[in-house]
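Numbering follows my numbering, with no gaps: position 28 of the sequence shown is 50. Have a look at the structure below before the remarks.
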Amino acid sequence: METVSLNKLLEQLLEEHTPSFEENNLVIIKEIPQEKVFVNIDVNQTVRVFENLLLNAVKYSYKPGEIVVKISKEVNGVFVIIKNAGEHIPQAELARLFDRFYRVEQSRTADKGGGLRLAIAKGIVELQGGQIWGECSGEVIRFIVKLT
Numbered sequence: 023m024e025t026v027s028l029n030k031l032l033e034q035l036l037e038e039h040t041p042s043f044e045e046n047n048l049v050i051i052k053e054i055p056q057e058k059v060f061v062n063i064d065v066n067q068t069v070r071v072f073e074n075l076l077l078n079a080v081k082y083s084y085k086p087g088e089i090v091v092k093i094s095k096e097v098n099g100v101f102v103i104i105k106n107a108g109e110h111i112p113q114a115e116l117a118r119l120f121d122r123f124y125r126v127e128q129s130r131t132a133d134k135g136g137g138l139r140l141a142i143a144k145g146i147v148e149l150q151g152g153q154i155w156g157e158c159s160g161e162v163i164r165f166i167v168k169l170t
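Right, dumping it as structure tokens:
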């Protein structure tokens with residue numbers, strides 16, 4: 023574990039994935055504060071978490087569309103929110119998204135994913151003492167990672 027600037031980490035990651043966003047007709051909106059936000063994390067594993075969440079957002083976003091990446095520093099932790107518009111996920115299925123091999127019914131026939139990305143992300147985040155969850159309001163889907 024090491025202390026790193028979350029701002030810099032996410033900026034670099036978004037830069038690396040710009041070609042994928044452009045190929046998929048997606049615009050990235052960054053809501054990253056100017057003030058540095060430092061977190062104590064396993065950098066390689068945490069990069070994997072955010073890559074998995076971004077790949078998921080690219081895969082399931084309406085196209086053309088937007089993906090919002092936000093850092094929010096609160097008294098109870100640092101939150102990274104990745105938000106996109108896509109097909110509604112029923113409330114009952116949100117928690118199950120993090121189960122190994124689980125896939126929302128409409129995605130089972132639409133793609134060939136294995137249903138592991140979110141389970142892997144959850145395991146990594148929880149090993150570092152954080153939390154991860156999903157929220158859906160209409161067609162707006164948010165994945166939130168809380169780092170302490």
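Ideal Cβ placement from N, Cα and C applies to all residues, glycine included. Predicted model, so just to flag it, every value in this text is computed and none were measured.
Judged by DSSP secondary structure, glutamine 153 falls within the beta strand (DSSP E) whose first and last residues are 153-159. DSSP places leucine 48 in the strand class (E or B) of the three-state scheme.
Alanine 107 and isoleucine 146 have their C-alpha atoms spaced approximately 25 Å apart. Nearest to tryptophan 155 by alpha-carbon distance, out of Leu76, Lys144, Glu161, is Lys144. The Cβ atoms of lysine 95 and isoleucine 103 do not sit closer than 8 Å to each other.
Counting along the chain, the unbroken alpha helix (DSSP H) around lysine 144 starts and ends at 139-149. Fewer than three Cβ pairs drawn from the region 113-122 and the region 81-88 lie within less than 8 Å of each other, which leaves the two stretches out of contact. Following the DSSP letters along the chain, one finds glutamate 24 inside the beta strand (DSSP E) bounded by residues 24-27. Checking the DSSP bridge columns, you'll see alanine 79 has no partner listed. Ranking Cys158, Leu169, Ile163, Asn29 by CA distance to the CA of glutamate 53 puts Asn29 first.
A Cβ-Cβ contact shorter than 8 Å links valine 26 with valine 65. Linking glutamate 33 to threonine 40 through their CA atoms gives a straight-line distance of about 11 Å. When only Cα atoms are considered, glutamate 161 and valine 80 end up about 15 Å apart.
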